[in-house]
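The listed protein sequences correspond, in order, to chains A and B.
Here the first sequence is numbered in our numbering, starting from 919 and rising by one per residue.
Here the second sequence is numbered in our numbering, starting from 10 and rising by one per residue.
Even glycine gets a Cβ: it sits at the ideal position worked out from N, Cα and C.
Note that the coordinates shown come from a computational prediction; the quantities given were computed from them, not determined experimentally.
One structure below.
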Amino acid sequence: MRWLLLKDLRILRRSPLMVALLVIYPIVIAVLIGFALSRGPDKPKVAFYSGLSVSASTIELGGHNLNLADEEGALFRDIDVVPVDSRAAVIEKVRDGEVLAGIVIPEDLASNLQSTLESGKLQVFYNTEDPAKQAYVENTIEAQVKAANAALTTRIAQEALDLLNLIGDGGVYHFLGQDFNVLGLKRAESILTDTRATLPAGSEKREQLGEVIDFTELARDNLSFSDEVLNVVGEPIKVSARSLDGGRTSLDDFAVALAASVSLMFITLQLAAGMLASEKEENAFPRLVRGLVSHTGLLAEKAGLAAVCSTAVCLLMLIGLGLFVDLEWSRFALWVVALAGGALAFAALGLAIGTLTREVRAASLLAFMLSLPLAFLALVPSGAVAPALYDVIRAVSAVFPFKPTLDALDAALNDAGGLGGAMLHLAALVLVFGALSRLALRRFAA
Amino acid sequence: METLTTTLAARDLVKRYGERLALRGVSLSAGRGELVAVIGPNGAGKTTLLSILAGIQRPDEGMISVEPERIGWVPQQASLYGKLTVEENLMLFARLERTPDPKATVERMLELTDLRNRSGDQVGTLSGGNRQRVNIAIGLLARPEVLLLDEPSTGLDPRQRERLWEFILRLAGEGTTVVYATHHIPEADRYADQLIVLADGERVFDGSPRELEQATGTTGLDFEQAFVEYLRQRGH
Chain A
919 MRWLLLKDLR ILRRSPLMVA LLVIYPIVIA VLIGFALSRG PDKPKVAFYS GLSVSASTIE
979 LGGHNLNLAD EEGALFRDID VVPVDSRAAV IEKVRDGEVL AGIVIPEDLA SNLQSTLESG
1039 KLQVFYNTED PAKQAYVENT IEAQVKAANA ALTTRIAQEA LDLLNLIGDG GVYHFLGQDF
1099 NVLGLKRAES ILTDTRATLP AGSEKREQLG EVIDFTELAR DNLSFSDEVL NVVGEPIKVS
1159 ARSLDGGRTS LDDFAVALAA SVSLMFITLQ LAAGMLASEK EENAFPRLVR GLVSHTGLLA
1219 EKAGLAAVCS TAVCLLMLIG LGLFVDLEWS RFALWVVALA GGALAFAALG LAIGTLTREV
1279 RAASLLAFML SLPLAFLALV PSGAVAPALY DVIRAVSAVF PFKPTLDALD AALNDAGGLG
1339 GAMLHLAALV LVFGALSRLA LRRFAA
Chain B
10 METLTTTLAA RDLVKRYGER LALRGVSLSA GRGELVAVIG PNGAGKTTLL SILAGIQRPD
70 EGMISVEPER IGWVPQQASL YGKLTVEENL MLFARLERTP DPKATVERML ELTDLRNRSG
130 DQVGTLSGGN RQRVNIAIGL LARPEVLLLD EPSTGLDPRQ RERLWEFILR LAGEGTTVVY
190 ATHHIPEADR YADQLIVLAD GERVFDGSPR ELEQATGTTG LDFEQAFVEY LRQRGH
């Protein structure tokens, strides 16, 4: 088997174009998929006009100043802002297609907000040239406005709470540059209690004063609950997130695992299927299995060659990626284990393809045609399709090596857990596809 | 008929492909250095017979006297790696055959095939004739007692065919028993000591080329015409 392995390596060395394509193509595809997954669309261009003057952009809420201009940064984080100097200029840019949308902050936004009687209104204009980007702009602006609304609601609720505390405890209130002393229910109750003590027992005034004192006490007790109530008003729904299934891998880290899985799949499938089919195409198979090499030995040689080559290429790819992406080098041994497990499973599948097709070109074509759907199926998220269809997709993904390889690499690279389960899954697939290949090899010479 | 000098003997070989009988109890025997031609129409069972003798396929019935390891087999299509050189192909198979001294064996084969000056050329760049010589050389690496050749001259021009037969005759002269299947009837007439005619999987003649001519009972026919007449007389 050693001589057969050396022969195959020599043939590969003499096919530099094929080897270059085999290595470069999957890496390019993997990088493109990685970019597509980890990067959103480019920041859309949005024209912006603010009608707020410098002085009008600051509003006073309950004695505290809020600069609306400061809030613009958060609003435009995901947008490429094109500032213009009038509302008409915003509309013109949107109409001309220079921008996808325009935002106008009206002159009365600050006064409306400060009055707390009327909502502040933003005007948004859209260009429908690119539906995907339009949807992105709409969603982005809507999300940012909701975030700004939530922030303002919390601030206003806090101001209300301060006012209620002032009513309860008393203190100084600042308004329009002037200070006012507020007595507060606590001090009022104290004064009233002192006053009641000076009145004769059983007098009508004393009884009436007692009712007022009871009221102030009741009012203070209930005001003490107001902070909880106003906090709920400020943030009615709080999010408590907990992951029930899968790891906590970030999209960027997942993209690295995905890129490695795609490369591993392409290289291994093409090599295993192509090298086995070439034995038939060169008409060498009958001569080899005439006592020179066993059927199982031949399969093992092809699988080993494909797995070792693809593992080495993908390991180099990961090392290269590691120069640009933050990878956990301490887990290097696990990378090798996951890559080798995935490569062996893909090699077994490649052998099955090679024995079925018995021709190099057909084997390469089938391996190529099978690869992309397998990758896409494994990436379909739950909830994206009907539950029954999702079950079918999961079942299909489970009988091919891409999904378990992705899981194993995610676990190995990103500490996402479940490496053992994924490796067992891959081992089972090696056995199944290996057995299928061995059976199909019976008719290989025909 | 088997004798004390018989090198290869096969008896009552039967091969079925589903319902179809590819070989119907075919027997043959060949002595040391004998040249045996297997001829017959398309689908007669020539390749099936040779592949069973070579151990590529198992017969459903019958027996063969020689182990496949002692038989050299040269398939119709060259069984070579086009990206490897002549020498590398020979060396690979010499190692796989576990010959005691692969290097010396390859040297011997390069001498025998007259391909020493092409030993560094990739097989894919060789002419059909040279490729066939390498193909035969690989069949001879393990010094087999019997060499099976399936349509050895197919695709070769007359000059290449001539050189190929010179080579085969030299092997037979050195004691190798050669069994070859051919469509090229004059090659059977010219080179064979023994002729086996197959038709529909059945052996319909076993004898010398002259005996086949006599068996037709006609005169004035060349050998190819005599062969066709023989088959016609027996309803094939």
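Margin query: Quick check on B:G138: does DSSP put it in helix, strand or coil?
Written below: helix
Item checked: Limits of the unbroken beta strand (DSSP E) element including B:E70 -> E70 to I73
Item checked: Residues near B:L13 in its chain [Cβ-Cβ closer than 6 Å; skip 5 each side] -> Summary for B:L13: the model assigns pLDDT 45, below 50, so the residue's position carries little reliability, and this model does not support an answer.
Next item on the list: Starting from B:R212, trace the beta strand (DSSP E) both ways and give me its first and last residue.
Entry: E211 to G216
Checklist line | B:N126 classed as buried or exposed, judged by whether at least 16 other C-beta atoms fall within 10 angstroms | finding: exposed
Check: What residues of chain B sit near A:K1198, judged by a beta carbon separation below 9 Å?
Finding: Proximity of chain B to A:K1198 at the Cβ level (cut-off 9 Å) is not reached, the minimal Cβ distance being about 11 Å.
Note to self: Using a 10 Å radius around the Cβ and a threshold of 16 neighbouring Cβ atoms, would you call B:Y90 buried or exposed?
What the structure shows: buried
Note to self: Relative to the C-alpha of A:C1227, which candidate in A:W921, A:D926 and A:M919 has its C-alpha closest?
What the structure shows: For A:C1227, the closest alpha carbon among the candidates A:W921, A:D926 and A:M919 is that of A:D926.
Notebook entry, point to check: Is B:D21 buried or exposed, if buried means 16 or more other CB atoms sit within 10 Å of its CB?
Noted result: exposed
Item checked: Which listed residue (B:F214, B:R170 and B:L158) has its alpha carbon closest to that of B:V187 -> B:L158
Notebook entry, point to check: Where A:G1089 and A:L1103 are concerned, what is the direct C-alpha to C-alpha distance, given to the nearest angstrom?
Noted result: Approximately 11 Å, taken between the alpha carbons.
Checklist line | Chain-ordered neighbours of A:I929 on chain E, where CB pairs are closer than 8 Å | finding: No chain E is part of this structure, whose protein chains are labelled A and B.
Next item on the list: Put B:L207 into one of helix, strand or coil per three-state DSSP.
Entry: strand
Notebook entry, point to check: How about B:A39 and B:V45: do their beta carbons lie closer than 8 Å?
Noted result: yes
Next item on the list: Report back the beta-carbon spacing between A:L1018 and A:K963 to the nearest angstrom; my notes put them in contact at under 8 Å.
Entry: 6 Å
Next item on the list: Grab the span of the alpha helix (DSSP H) containing A:R1124 for me, first residue to last.
Entry: E1122 to L1141
Item checked: Where B:E43 falls, given that 16 or more other Cβ within 10 Å makes a residue buried -> buried
Next item on the list: Taking only beta-carbon positions, decide if B:Q86 is within less than 8 Å of chain A.
Entry: Chain A, which has a Cβ nearer than 8 Å to the Cβ of B:Q86, makes this yes.
Check: In this structure, does DSSP put A:F1318 in helix, strand or coil?
Finding: coil
Notebook entry, point to check: Is A:L1290 closer than 8 Å to A:I1271 when the C-beta atoms are compared?
Noted result: no
Next item on the list: Can you give me, in chain order, the residues of the stretch 1208 to 1229 of chain A that have a beta carbon less than 8 Å from any beta carbon in chain B?
Entry: R1208, G1209, L1210 and V1211
Next item on the list: Taking B:K24 as the reference, give the member of B:R67, B:P195, B:H192 and B:Q242 with the closest Cα.
Entry: B:R67
Check: Tell me the DSSP bridge mates of B:V47?
Finding: B:A190 and B:I205
Notebook entry, point to check: What residues from chain A crowd round B:W82, counting only those whose CB sits closer than 9 Å?
Noted result: P1204, R1205 and R1208
Next item on the list: Can you say whether B:T227 is buried or exposed, counting buried as having 16 or more other CB atoms within 10 angstroms of its CB?
Entry: exposed
Notebook entry, point to check: Quick one: Cα of B:G217 to Cα of B:V206, how far?
Noted result: Note that residue 217 of chain B is Ser in the sequence shown, not Gly. Each residue's alpha carbon lies about 11 Å from the other.
Next item on the list: Rounded to whole angstroms, what's the CA-CA distance from A:L1307 to B:Y26? Just pull it up for me.
Entry: 43 Å
Note to self: From the DSSP secondary-structure annotation, give me the bridge partner or partners of B:R20.
What the structure shows: B:M72
Check: Exposed or buried, which one is A:S1300 when buried takes at least 16 other CB atoms within 10 Å?
Finding: A:S1300 comes out exposed.
Notebook entry, point to check: Relative to the C-alpha of A:V1255, which residue among A:F1242, A:V1211, A:N1201 and A:T1323 is closest?
Noted result: A:T1323
Next item on the list: Give, in chain order, every residue of the stretch 47 to 68 of chain B whose Cβ lies closer than 7 Å to some Cβ of chain A.
Entry: Those residues of the stretch 47 to 68 of chain B that come within reach of chain A (Cβ to Cβ, closer than 7 Å) are A63, G64 and I65.
Notebook entry, point to check: Taking the alpha helix (DSSP H) that A:W1253 falls in, what are its first and last residues?
Noted result: F1250 to T1275
Note to self: Using a Cβ-Cβ distance cut-off of 8 Å, determine whether B:L101 contacts chain A.
What the structure shows: yes
Margin query: Going by DSSP, what residue range makes up the beta strand (DSSP E) through B:V35?
Written below: R29 to G40
Next item on the list: Go to A:A1345, then tell me how far its alpha helix (DSSP H) extends in each direction, as first and last residue.
Entry: Start and end: L1337 to A1358.
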